[in-house]
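Only one structure is covered here, and it is reproduced in the block below.
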Amino acid sequence: MKPRSLLFKFNLALAVTFLLIAMVFTGVIYWVESYRKANLLEKIFLSIDALVDQRKEALANEIFGGMREATRMSLEEIAAKKDIVAAAAYDADGRFMAAVGLREPTAGAVAADMPATALMPAPATGAPPAPPPDPIFRQERLAGLPVATYLSPIVVSGIRVGYLIIDYDLAEVLSKSRLSIAVFISQSLLVLLCVYFLLNTLLSRLVLRPVYKLKSAMQRVHEGRLGEKVKLDARNEWGDEIREMAQAFNNMSDELEKSRSDYMRAIWEKALYSRELERSNVKLARFNTELEQLVSLRTAELSRAKEDAEIASQAKSEFLASMSHEIRTPMNAIIGLSNLAMKTDLDSRQRDYLEKIWSSARVLLGIINDILDFSKIEAGKVEIESLPFSLSGALDNLRNIFGGRAREKGLFFNLSVAPDVPDQLVGDPLRLGQVLTNLVSNAIKFTETGGVEVRVRCAEVGEKIAQIQCAVEDTGIGIPDDYLPRIFTYFTQADGSTTRKYGGTGLGLAISEKLISLMGGRIWVESAPGRGSIFHFTVRCHRSGETAETTVTEHISAPPEGLRGARVMLVEDNLINQQVASEILQQAGIDVTVADSGESAMAIFQRDHMTGDRPFNAVLMDIQMPGMDGFETTRRMRNENGRRPPPIIAMTAHALREDRERCLKAGMSDYVAKPVDPDLLLETLARWIDLETGAPAAPAPIRDLVRAPGRDGSAKPATEGDGHGTDAEAARSLPDLPGIDIPSALKRLGGNQALLMSLIHSFSQDFALAPDQIADALAEGDRHQAQRLAHTIKGV
Ligand code: ADP
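Shown next as structure tokens:
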């Protein structure tokens, strides 16, 4: 259906409504008018009836008598009445009698018009008269006029005499009626029209106009003019739902506009943001490029720094190694020579001095070892080894080292091992020994009465792994509670007075803790001041099936006497070291052949081979020598055809683990650290020399020394002298040589004047050309050679 406007629909609805109302009105008016007309006709009828009633007697006589003229005269009188336009009379048989007005005399007309009862025959004589029939009143047209015709029988004493017809002019009545209908209808229509227009106006004003306003506002909003509003005028033409609608629309429009402005703002901000983003991207790309450049620059710097750091770390390692070497070499001299010197003739003061020098040197060596260990741990250079070793051997060593010291202090020293502890283990015996040594040495140090007990048990034992738990208990001074939590921290000691009274660096326990954790265990302490302390620790070791180490242990405890008569080559460039080692060896009855370089060692070795001299039972090999170093010399000796090489034992101040590994790789059998411990040196040799069979006593692997060089506290050296004169006397009989401090040189050599003379002699021979050689090396830019020469001279 075609959409129609609201106005159209309104008008249509109103028109239809009003049409219906008009139809109903018209019907009502027509009905009212018909009713009124019927009333009027009734009145006319009654008035005619009354008129007829007055004349009825006379007329009956006249008709009955056949008096036409009289009848006509009576009729004239009747017709003289207003609006009566005709009248006619008929006799009883219906024959025309007379007529006036418009009515023509028509014979027999009544008979046809009257109802049947009116024409009924007169009743028989004697019968009761029939009631007269009612007059008839009907509308007709007469000569073109609308008339109301009155038809009535004339009955006298029950006898019908004739009939009478009277015609009443209805023209006026009818026209009045029509007029009133017309007036009424037109008035009604007028009223209806007025109402219609009024309604139309009101509806337009109250409904349509606001709706159109709303519509056009909506249209404007639709066209994009958000925020458009419907004006709510002051006359409050819309105080109804439409007003609410308008308000709702206004709100909606506001909201829409707000949303649009928000949206626009958001879009704008987004655009701004995108622009910013683009700018930032550009900046970022620039930064990125710069950053990449910077990163590559920094990376290059870093890799340079890393290289530098690696070089520095390498340098540090080398520095550590050479420090260790440099410190141990003089320590070797101090400990070795004081040891030797104490065996000479001395007065009690000298002996006291020497003993103090000797023991201070050992303490100093212990400190140096701790510091070196500390630096190695800090540099992550400590690695735990996995070597087969015998636990009982390790504990024997502990007993050997500390048993005597405890006795000297008047303390007991007990060592017990639970039966389920496996003896053959794989682990790092050196480090295990170091921890035990540290704990037991502390226990003895801090105990004045009572003693020390070491207990070893198995915390856990499996087929392959054994968790060994050791406890070192003492009855000493104990440790204050507040200090306990920090006891395994570097450089920490219970209190200042402890340091002063007992000495120490505060490094030992911290190093032990690190070593234990590297060995997969933990360390802890229980202590109460004045009641002693118990240090516990665990270590994880693999169980070993091998038993070879038992032999080692046996040999460790073999008496040095077994070495008497053995032939040993000492390869050592440093004269003092040569002297120290030679004398230790000679005192044990060993036949020593000294080679001052790798080359001369090879020469001696080859010459022996040629002459078929008694082969060497062992070679003690210094590592760092000018020319052919210890490694190279060992390799060559091992490759020398036709002769079974003797066991070669490294003797070096190099304390780093890599050096020991290099020794093994180069084909050496064992290792003795400098400063040389006389007992240790002889014990080591005893392990490798078997004079009865002539074969080395022990096979290849480096043995499990459980002795930390500086902390072993081995028994003081023997005090018997070997008959040298006093240093002062000897010094006086020697020439005064510029640059050489003869008295102190003699002191260092235990007053051995002949030895000093021979040393000076060989020094002058060996190093006469040295200043020129150094100058030449410097001139050629060979700083390394110059440094090496200077180093050798300094050492000698
Ligand atoms: P050092 O003994 O060289 O000082 P340590 O690290 O071995 O270094 O020991 C640190 C400190 O712990 C000692 O100075 C001492 O105060 C305390 N200590 C260690 N062991 C014991 C002990 N058995 N009894 C009492 N105090 C101890």
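Under my numbering, the sequence shown has 484 at position 426, and the numbering climbs by one with no breaks.
Cβ atoms here follow ideal geometry from the backbone N, Cα and C, with glycine treated the same way.
The structure presented is a predicted model; accordingly, all values stated were derived computationally and were not measured.
Taking 8 Å as the threshold (C-beta atoms), are V475 and L453 in contact?
yes
Are M155 and R113 close, meaning C-beta to C-beta below 8 Å?
no
For S210, list the residues DSSP reports as bridge partners.
L222
Which residues does DSSP list as the beta-bridge partners of S448?
Q482
Near G534, what residues of its chain come up, given a Cβ to Cβ distance below 6 Å and the 5 sequence neighbours on each side ignored?
F504, T505, G590
Using 8 Å as the threshold, is the segment 431 to 447 in touch with the segment 405 to 421, meaning 3 or more CB pairs across them?
no
Give a single yes or no on whether D532 has its beta carbon closer than 7 Å to a heavy atom of the ligand ADP.
yes
Could you check the C-alpha separation between P873 and D149 for me, to the nearest Å?
Any question about residue 873 goes unanswered here, given that the chain covers just 59 to 854.
Would you say Y729 and A744 are within 8 Å of each other, going by their C-beta atoms?
no
Alpha helix (DSSP H) runs wholly inside the segment 232 to 309, at least 4 long, in chain order:
267 to 280
Tell me where the beta strand (DSSP E) around K518 begins and ends.
The displayed chain sequence assigns Glu, not Lys, to residue 518. That run of the beta strand (DSSP E) goes 509 to 519.
Start and end of the beta strand (DSSP E) containing F593?
590 to 601
Name the residue from I523, L222, D666, L352 whose alpha carbon lies nearest to the alpha carbon of I106.
L222
If you count every other CB in all the chains shown that lies within 10 Å of the CB of F595, and 16 or more means buried, which is it?
buried
Assigned secondary structure, Q551 (DSSP; H/G/I helix, E/B strand, else coil):
coil
Touch check for the segment 482 to 496 and the segment 571 to 586: three-plus C-beta pairs under 8 Å?
yes
Provide the residue span of the alpha helix (DSSP H) that contains T691, from first to last.
688 to 697
Alpha carbon to alpha carbon, what distance is there between R693 and E368?
30 Å
For M679 and D654, the rounded distance between their alpha carbons
10 Å
What are the boundary residues of the alpha helix (DSSP H) that R94 is part of?
64 to 122
When the Cα atoms are used, what is the spatial distance from R386 to L739?
15 Å
Got a sec: does the ligand ADP put a non-hydrogen atom nearer than 7 Å to the Cβ of A586?
no
Whole-angstrom distance between A568 and P736, CA atom to CA atom
29 Å
Let me check understanding here. Comparing Cα to Cα, which of F122, E641, A437, K374 lies closest to S396?
E641
Going by beta carbon distance, what residues of the same chain come within less than 7 Å of G647, once the five residues before and after it are set aside?
L621, R622, G623
Report all residues from its chain with a CB closer than 8 Å to the CB of E299; omit the five preceding and five following residues, and keep chain order.
none
Rounded to whole angstroms, what is the Cα-Cα separation between P829 and K572?
48 Å
Tell me which residue opens and which closes the alpha helix (DSSP H) that G656 is part of.
656 to 669
Span of the alpha helix (DSSP H) around F154
Element bounds for F154: not the alpha helix (DSSP H) but the beta strand (DSSP E), 154 to 159.
Whole-angstrom distance between Q277 and F83, CA atom to CA atom:
44 Å
Is it the case that the CB of S444 approaches a heavy atom of the ligand ADP more closely than 7 Å?
no
Within the same chain, show all residues whose beta-carbon is closer than 8 Å to that of L314, passing over the 5 residues directly before and after it, in chain order.
V279, L284, G285
Using 8 Å as the threshold, is the segment 625 to 640 in touch with the segment 670 to 688, meaning 3 or more CB pairs across them?
yes
Check whether the segment 463 to 481 and the segment 507 to 515 are in contact - that is, three or more C-beta pairs closer than 8 Å.
yes
Beta carbon of T507: closer than 7 Å to some heavy atom of the ligand ADP?
no
Answer yes or no: does any C-beta atom of chain C fall closer than 8 Å to that of A150?
Annotation note: the requested chain C is absent from the structure, which comprises a single protein chain.
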